[in-house]
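Enquirer:
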Amino acid sequence: MARSTSLLCLLLLALVCQQPNVNANPFLTAKKVLDYAVNLYQKVDKLQKFLSTELNEDSKTETDEKSIVELEIYKKMDQLSTDFQDLRDRILDKMSNGLKDKLTEKTDELFKHVKDVQRLYKTFLDFFANAQNYESTELKDFANVATTFSLVELKATIERLHEALVDLDVRRDSIITILSRESSAADTMCIRGESSQQLIHTLYKTVVLTDAKGLLVTLYSYGLKETFENRTYEFRKNKEIADFYERTVNTFSKVRDAMADASREVWRCDTEKHEKDVTYSKLQEVFQGFFVYEPDTTRSNWHAAVFRCSALKDDRLRCKSAPCKAQPEERRCTGHLRDCQSIAHNMQLCHSPPGSDRRYDWMKTGAGTLYGRDGPCANTQGIWDIPPYLIENCLCNCESEQRDADRYFSLLDVTSDVDQNKVVTGVRLRKHNHVFHIQIQQGTLEANGTISGTLEWKEIKEISSSDLLSDKVSKHFYKVIANPHENFDKEFKYDDWTEFYKNDLVYAVTYDQNTVYLDDLDSGPNALLTGLRFQQVNDDLRLEIQSTPFDYTTGKLKTDQSSWTANTNTRPTRHEVFLTDPDDPTRTKESDNFSKNKQFVRFRMTDLRHDLGQYTVPFLDLQDAVTTPALPISGAGLFHRGRLHSGGFLGFKLIHYDFTPHLSNV
């Protein structure tokens with residue numbers, strides 16, 4: 061019996077390791093499942109022949125040592141079971157509350173049947189791996205009853221398992237139709253780099269592999285009955301194989317239709333913990349709230365007291381008042397004063413501590429109105445009581461003109477190594493030297509749309525400081541506009557400004573150049589993504605992709621046919637994603653609003669009431685946009701995610717290749 065036990069282990073290991081090879085093609089087909097079923101049948105049939113003699117002798121042999129092969133079996137089976145058990149939580153964790161309520165009952169039913177079969181399968185494994193510890197009568201009982209299940213009850217459970225996934229009643233939504241057609245499902249598929257299409261297939265794989273486990277138990281039980289009863293059950297075993305194939309084909313047909321309708325988009329959700337320059341970044345020193353007092357502007361008419369905040373449309377700071385002079389020079393506005401609003405005649409202002417990327421933490425008016433978030437002032441020297449002047453105090457948008465600010469997007473092409481048959485498998489934003497760059501992950505394309513080899517993040521093409529500050533990108537101008545004898549203050553008055561030029565190196569975000577197009581770009585059915593780049597269109601920024609046709613069977617790229625494409629819709633034909641009273645997105649709740657194709661969003665400062673306008677939003681998502689497992693990508697896009705009163709995040713999405721045209725029942 062000891063010799064047979066080792067053989068049992070080897071055969072079981074073959075069964076466990078010979079699941080349908082998902083690496084040959086990322087998606088299971090009915091043909092693969094049928095091959096798997098036949099393979100199971102052949103293994104079990106061989107097994108019975110080795111077992112028959114010793115089982116009839118009712119012998120039992122004790123073995124103290126477990127072979128390495130046995131341990132490997134247990135590890136693989138435990139891993140497979142854990143994956144199935146975690147899947148339910150993975151599905152529901154991705155869903156918004158409304159969709160979660162709709163899916164919970166259906167997924168609970170499906171996974172109840174999965175657990176029922178899994179429980180029986182574990183009993184089978186126990187008998188299988190520890191046959192020497194059981195009497196032949198116990199094996200007979202398992203064959204006849206299979207613990208609490210009869211073979212008829214097991215088959216009914218398997219059928220209900222399939223029905224739970226696809227629902228035979230066409231009047232009701234099934235799990236797969238909800239995932240494929242509900243737009244809110246696609247909006248929440250962002251936790252594990254898995255699209256709606258991938259999740260539907262994962263559910264299908266769960267069902268058919270669970271069915272295969274049930275088939276293995278059934279064939280094993282019939283084999284035991286043949287041994288003990290000295291008769292053949294060949295007809296019934298063949299019928300079980302045929303029924304298995306019929307169930308699988310019928311379910312797969314519905315799953316394939318659902319996959320064809322399902323979203324292939326993959327993006328990242330908000331992180332549980334936001335980390336600056338790790339999970340997100342932001343434009344720095346571009347737009348920021350700044351307090352202005354009447355004597356401090358070039359439009360000032362201090363002695364006549366003729367002044368209104370609304371008159372400041374495009375002004376400069378002179379810094380004549382005591383509150384302004386008290387600020388360190390680096391905290392003063394060196395650019396344009398825009399969109400000024402009257403705040404209060406007297407107020408208490410908390411300046412942010414040195415080293416902060418904010419100018420102010422909060423402000424309270426004499427009437428008690430709070431701007432920003434209340435709390436102790438972190439800067440002990442930062443609280444200023446501004447006396448009630450006869451004229452207005454203003455809170456303005458300071459548009460910085462710093463040429464070395466974090467305000468640029470690289471316009472350089474970013475392409476995979478197509479000469480080595482590599483395609484894009486992931487994308488992310490990276491900041492270097494004040495410039496935000498597209499960085500791609502690449503992998504080697506093989507036959508049937510598979511990705512092989514080591515995935516790598518390609519190095520970014522750096523833009524030097526000298527290039528960034530060259531006259532090609534921007535230029536600073538200085539002009540004297542009045543001599544001392546020409547004005548009341550008896551001083552030189554001048555104007556200085558910076559002009560940012562359209563170029564082929566970077567796009568600079570400014571007050572008049574602040575719009576980003578939100579597009580979904582797809583290469584189509586016969587091409588893959590091999591490059592991305594930002595491009596400036598008039599005053600706006602858009603994403604473009606490089607597509608390269610390929611041969612699906614061989615996996616070879618047709619590199620001489622690569623081309624760049626973009627959405628040519630300009631701003632007047634698009635809908636704006638309005639940021640209503642936006643706050644710092646790292647301080648708000650999780651995003652629940654997602655932009656759609658052919659929209660646009662503008663960079664602006666945060667809301668004055670919520671945040672004193674201290675940040676430029678939206679923030680930029682630095683998380684990796686990748687698929688799990690790695691799949692060839694056919695498209696990419698820029699999208700905005702946020703919620704009411706949040707500045708939100710601007711990030712990448714991927715559209716993986718659509719495998720459904722290559723899936724068939726046979």
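Numbering (my numbering), first residue to last: 61 to 726. Cβ atoms here follow ideal geometry from the backbone N, Cα and C, with glycine treated the same way.
Near residue 666, what residues of its chain come up, given a Cβ to Cβ distance below 7 Å and the 5 sequence neighbours on each side ignored?
Expert: Indexing the sequence shown from 1 puts residue 666 at position 606. Correct list, in chain order: 642, 643, 644, 673, 674, 675, 677 and 707.
Enquirer: So, with DSSP's three-state summary, where would you put residue 692?
Expert: Counted from its first residue, the sequence shown places residue 692 at position 632. Of the three classes helix, strand and coil, the one that applies to residue 692 here is coil, per DSSP.
Enquirer: Using only the alpha-carbon positions, how far apart do residue 44 and residue 524 sit?
Expert: Any property of residue 44 remains undetermined from this structure, which presents the chain solely from 61 to 726.
Enquirer: State the DSSP-derived secondary structure class of residue 574, mapped to helix, strand or coil.
Expert: Within the sequence shown, the letter at position 514 stands for residue 574. It is coil, neither helix nor strand.
Enquirer: Going along the chain, which unbroken runs of the beta strand (DSSP E) with 3 or more residues stay wholly within the segment 391-466?
Expert: You should have 396-402, 407-411, 420-425, 430-432, 443-446 and 453-459.
Enquirer: In or out: residue 704 buried (at least 16 other Cβ within 10 Å) or exposed?
Expert: The sequence position of residue 704 within the sequence shown is 644, counting from 1. Burial call: exposed.
Enquirer: Quick one, are the C-beta atoms of residue 580 and residue 325 less than 9 Å apart?
Expert: If you number the sequence shown from 1, residue 580 lands on position 520. If you number the sequence shown from 1, residue 325 lands on position 265. Yes.
Enquirer: Compute the Euclidean distance between the alpha carbons of residue 392 and residue 375, then round it to the nearest angstrom.
Expert: Within the sequence shown, the letter at position 332 stands for residue 392. Within the sequence shown, the letter at position 315 stands for residue 375. Near 14 Å, if we compare the C-alpha coordinates of residue 375 and residue 392.
Enquirer: Does the structure place the segment 311-319 close enough to the segment 420-435 that three or more beta carbon pairs sit under 8 Å?
Expert: No, the segment 420-435 does not touch the segment 311-319.
Enquirer: Distance, Cα to Cα, residue 634 vs residue 341?
Expert: Your numbering for residue 634 matches position 574 in the sequence shown. Your numbering for residue 341 matches position 281 in the sequence shown. Answer to the nearest angstrom: the Cα atoms are 26 Å apart.
Enquirer: In the structure shown, what three-state DSSP assignment does residue 558 receive?
Expert: In the sequence shown, the residue the question calls residue 558 occupies position 498. Three-state DSSP puts residue 558 in a strand.
Enquirer: Taking all protein chains shown into account, decide if residue 481 is buried (16 or more other Cβ within 10 angstroms of its Cβ) or exposed.
Expert: Position 421 of the sequence shown, counting from 1, holds the residue named residue 481. Answer is buried; the Cβ neighbour count reaches 16.
Enquirer: For residue 334, does the three-state DSSP call read helix, strand or coil?
Expert: Locating residue 334 in the sequence shown gives position 274, where the first residue counts as 1. Coil at residue 334, not helix or strand.
Enquirer: What are the residues that DSSP puts in a beta bridge with residue 676?
Expert: Looking up residue 676 in the sequence shown gives position 616. 665, per the DSSP bridge assignment.
Enquirer: Thinking C-alpha only, which one of 301, 617, 575 and 566 is nearest residue 587?
Expert: By one-based count along the sequence shown, residue 587 stands at place 527. Of the listed residues, the one whose Cα sits closest to residue 587 is 617.
Enquirer: Rank 639, 537 and 312 by C-alpha distance to the C-alpha of residue 724 and give the top, closest one.
Expert: As a working mapping, residue 724 is identified with position 664 in the sequence shown. Here the closest residue by C-alpha is 312.
Enquirer: Going by the DSSP bridge assignment, what does residue 624 pair with across the sheet?
Expert: Looking up residue 624 in the sequence shown gives position 564. According to DSSP, residue 624 bridges with 606.
Enquirer: Cβ atoms of residue 348 and residue 466: under 9 Å apart, would you say?
Expert: Here the question's residue 466 lines up with position 406 in the sequence shown. Here the question's residue 348 lines up with position 288 in the sequence shown. Contact: no.
Enquirer: Since residue 638 and residue 574 should fall inside the 8 Å C-beta cutoff, what is the C-beta to C-beta distance between them, to a whole number of angstroms?
Expert: Translated into the one-based positions of the sequence shown, residue 638 becomes position 578. Translated into the one-based positions of the sequence shown, residue 574 becomes position 514. The pair is not a contact, with the Cβ atoms about 14 Å apart (cut-off 8 Å).
Enquirer: Please tell me whether residue 567 and residue 528 are closer than 9 Å, where the distance is taken between their beta carbons.
Expert: Residue mapping note: residue 567 aligns to position 507 of the sequence shown, counting from 1. Residue mapping note: residue 528 aligns to position 468 of the sequence shown, counting from 1. The answer is no: Cβ separation not under 9 Å.
Enquirer: Indicate whether at least one CB of chain C lies closer than 9 Å to the CB of residue 532.
Expert: Included in the structure is just one protein chain, with no chain C present.
Enquirer: Round the Cβ separation of residue 461 and residue 558 to the nearest angstrom and send it over; I've been treating them as touching at under 8 Å.
Expert: As a working note, residue 461 is residue 401 in the sequence shown. As a working note, residue 558 is residue 498 in the sequence shown. The pair is a contact, with the Cβ atoms about 4 Å apart (cut-off 8 Å).
Enquirer: Taking just the CA atoms, how far does residue 424 sit from residue 397?
Expert: Looking up residue 397 in the sequence shown gives position 337. Looking up residue 424 in the sequence shown gives position 364. So the two alpha carbons sit approximately 22 Å from each other.
Enquirer: Pair every Cβ in the segment 654-663 with every Cβ in the segment 624-634, then say whether three or more of these pairs are closer than 8 Å.
Expert: At 8 Å Cβ cutoff, the stretches touch.
Enquirer: Quick check: what's the CA-CA separation for residue 611 versus residue 223?
Expert: As a position in the sequence shown, residue 611 is number 551, starting the count at 1. As a position in the sequence shown, residue 223 is number 163, starting the count at 1. Rounded to whole angstroms, residue 611 to residue 223 spans 37 Å at the Cα level.
Enquirer: Do the CB positions of residue 474 and residue 494 come within less than 9 Å of each other?
Expert: Sequence index remark: in the sequence shown, residue 474 carries index 414 (1-based). Sequence index remark: in the sequence shown, residue 494 carries index 434 (1-based). Cβ distance not < 9 Å, so residue 474 and residue 494 don't count as in contact.
Enquirer: Quick one: what does DSSP say residue 719 is sitting in, helix, strand or coil?
Expert: Mapped onto the sequence shown, residue 719 falls at position 659. Residue 719 falls in the coil class under three-state DSSP.
Enquirer: Could you have a look at residue 580 and say whether DSSP puts it in helix, strand or coil?
Expert: Taking the first residue of the sequence shown as position 1, residue 580 is located at position 520. Correct three-state label for residue 580: strand.
Enquirer: State the start and end residues of the unbroken alpha helix (DSSP H) segment that holds residue 314.
Expert: One-based indexing of the sequence shown puts residue 314 at position 254. That run of the alpha helix (DSSP H) goes 294-321.
Enquirer: Would you tell me roughly how many angstroms separate the C-alpha atoms of residue 518 and residue 485, rounded to the nearest one?
Expert: Counting from one through the sequence shown, the residue named residue 518 turns up at place 458. Counting from one through the sequence shown, the residue named residue 485 turns up at place 425. Between residue 518 and residue 485, the C-alpha separation is close to 11 Å.
Enquirer: Use the C-beta contact count for residue 177: other C-beta atoms within 10 angstroms, 16 or more gives buried, fewer gives exposed.
Expert: Reading the sequence shown from its first residue, position 117 is the one you call residue 177. Burial call: buried.
Enquirer: Would you mind sorting residue 295 into buried or exposed? The rule is 16 or more other CB atoms within 10 Å of its CB.
Expert: Translated into the one-based positions of the sequence shown, residue 295 becomes position 235. Classification of residue 295: exposed, given that the 10 Å Cβ count is below 16.
Enquirer: If you draw a straight line from the C-alpha of residue 578 to the C-alpha of residue 602, how long is it?
Expert: Looking up residue 578 in the sequence shown gives position 518. Looking up residue 602 in the sequence shown gives position 542. Computed Cα separation, rounded: 7 Å.
Enquirer: Is it buried or exposed, residue 338, if we count other Cβ atoms within 10 angstroms and call 16 or more buried?
Expert: On the sequence shown, residue 338 is found 278 positions in, with the first residue counted as 1. Exposed, because fewer than 16 other Cβ atoms sit within 10 Å of the Cβ of residue 338.
Enquirer: Am I right that residue 292 and residue 221 are in contact with their C-beta atoms under 8 Å? What's the rounded C-beta distance?
Expert: Residue mapping note: residue 292 aligns to position 232 of the sequence shown, counting from 1. Residue mapping note: residue 221 aligns to position 161 of the sequence shown, counting from 1. That pair is no contact at about 29 Å.
Enquirer: Relative to the C-alpha of residue 200, which residue among 281, 713, 323 and 225 is closest?
Expert: Position 140 of the sequence shown, counted from the start, is the residue given in the question as residue 200. Among 281, 713, 323 and 225, the Cα nearest to that of residue 200 is on 281.
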